Amino acid sequence: MDIDELKSVARAIVAKQKGILAADESNPTIKKRFDSVGVESTEENRRQYRELLFTTPGIERYISGVILFDETLRQSSSNGIPFAKLLSNRGIIPGIKVDKGSKALALYPRDKITEGLDGLRDRLTEYKQLGAKFAKWRGVIDIDEHDVPSPYAIRANAHALARYAALCQEVGLVPIVEPEVLMDGAHKIDRCEVVTSQVLEQVFVELDAHRVAFEGMLLKPNMVIAGKKCPHQADTQQVAEATVRCLTRYVPAAVPGIVFLSGGQGPEEATDHLNAMNTMGAHPWELSFSYGRALQEPVLAAWKGQKTNIAAAQQAFLKRCRLNGLAREGAYSRVMETAEAAAL
Ligand code: 13P
């Protein structure tokens, strides 16, 4: 493990104004996204869609890294340039999702556990040879108002995240550690704060026990937010304050950056929340984004699988990248959502 190399990649990913595009949807997930706009999920359509994203002019000012799915890391642009090389040529760091998805945790039917540790050391070595410089593993923490997640599910997922992170650092990949407390359900924001606190506390206990260098990793958490079905939705400032309070208590200052997932928030909502946190003053870590849906929803809606829509889809993508780049610095406001203002 070359800690200096890990630190420098981690810091480059959370450079000022920049964040991550999460384009690592597994084939079942991208099928759902394509279904929503009437596009068939063939290997070629997936390739064309990812090419649209990666070749959007100007995104390198706001996007420092892209998380790819295994299939995409092995694909190339229409003119034959492997996607990892195409991104690197633009100054964008390629990364790779390495978990194999979440399943029901045995004997805990309401909890989940992420699979993919067996054979991971060899897969990481191959991904590194294919050009990846960082990796992602997502632990899924289901939540209800009372007794989900179980303490054991928190421990099991934290343990898996730490084993993955140690393997990444051993081979020289920056691990993005993603414990996601879901925003499904009807729980209030306070319940999300309690569960997110328990999860982060346990994750850092396990990372430390596994000798993971905090300086050479990034954390990808959920924001502290009420469940989608909760009638009492917290406002932007409450979400920002609860999230920063929770992170300040449980995330060591040695971690260079925190890159939030969007988790089902709307694109503008996710930008608003990030912006509010970055207006709250200096934090020990960079606060950035690693959004999937919040960056891609408007792109898919504009594209719909039609070649003639590519320019409009790329414009929609650049707009979201630019506005999230501004939110990184606390310089975003809702009025910028109108096309004219966003183009300034
Ligand atoms: P969302 O932003 O759509 O939650 O996706 C981010 C991600 O990478 C989830 O693992």
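The numbering of the sequence shown is this note's numbering, which starts it at 1 and goes up by one. Idealized CB from N, CA, C, for every residue including glycine. None of these values were measured; they are calculated from a predicted model.
Check: If we ignore side chains and look at the alpha-carbon of each, how far apart do V39 and A302 end up?; Outcome: 12 Å
Check: Taking 7 Å as the cut-off, is the CB of G257 close to at least one heavy atom of the ligand 13P?; Outcome: no
Check: Exposed or buried, what is L261 when buried is set at 16 or more other beta-carbons lying within 10 Å of its beta-carbon?; Outcome: buried
Check: Quick check on I143: does DSSP put it in helix, strand or coil?; Outcome: coil
Check: DSSP three-state call for S262: helix, strand or coil?; Outcome: coil
Check: Can you check which of these residues, V181, I92, N157 and A254, is closest to G116 by C-alpha distance?; Outcome: N157
Check: Have a look at D35 and I3 and give me their C-alpha separation to the nearest angstrom.; Outcome: 43 Å
Check: Helix, strand or coil for T271, going by three-state DSSP, please let me know.; Outcome: helix
Check: Please name the residue or residues paired with G95 in a DSSP beta bridge.; Outcome: I67 and F134
Check: Assign N79 to buried or exposed, taking buried as 16 or more other Cβ atoms, counted over all protein chains shown, within 10 Å of its Cβ.; Outcome: exposed
Check: Specify the secondary structure class of S88 as computed by DSSP and reduced to three states.; Outcome: helix
Check: Taking the alpha carbon of L398 as the reference point, which residue from G131, I13, A213 and V205 has its own alpha carbon closest?; Outcome: Past the edges of the chain, shown from 1 to 344, lies residue 398, and the structure says nothing about it.
Check: What is the rounded straight-line gap between the Cα of Q17 and the Cα of R61?; Outcome: 8 Å
Check: Tell me whether G263, by its Cβ, gets closer than 7 Å to a heavy atom of the ligand 13P.; Outcome: yes
Check: Going by Cα to Cα distance, which pick from S197, L219 and G292 is closest to C246?; Outcome: S197
Check: According to DSSP, is G116 helix, strand or coil?; Outcome: coil
Check: Tell me, please, whether the region 177 to 189 touches the region 203 to 223 by the rule of three or more beta-carbon pairs shorter than 8 Å.; Outcome: yes
Check: Output the distance between the C-alpha atoms of E206 and I310, rounded to the nearest integer angstrom.; Outcome: 44 Å
Check: Give the secondary structure of L173 by DSSP, where H, G and I count as helix, E and B as strand, and everything else as coil.; Outcome: coil
Check: How is L323 classed by DSSP in three states: helix, strand or coil?; Outcome: helix
Check: Report all residues from its chain with a CB closer than 6 Å to the CB of G305; omit the five preceding and five following residues, and keep chain order.; Outcome: V39
Check: Please report the straight-line C-alpha distance between A276 and V194, rounded to a whole angstrom.; Outcome: 21 Å
Check: Since G58 and I20 are thought to touch, with beta carbons under 8 Å apart, how far apart are those beta carbons, to the nearest angstrom?; Outcome: Actually they do not touch by this definition, with Cβ atoms about 17 Å apart.
Check: May I ask whether a heavy atom of the ligand 13P can be found less than 7 Å away from the beta carbon of I141?; Outcome: no
Check: Could you tell me the alpha carbon to alpha carbon distance between K128 and K100, rounded to whole angstroms?; Outcome: 18 Å
Check: Okay, do the region 310 to 319 and the region 271 to 288 touch, 3+ Cβ pairs below 8 Å being the bar?; Outcome: no
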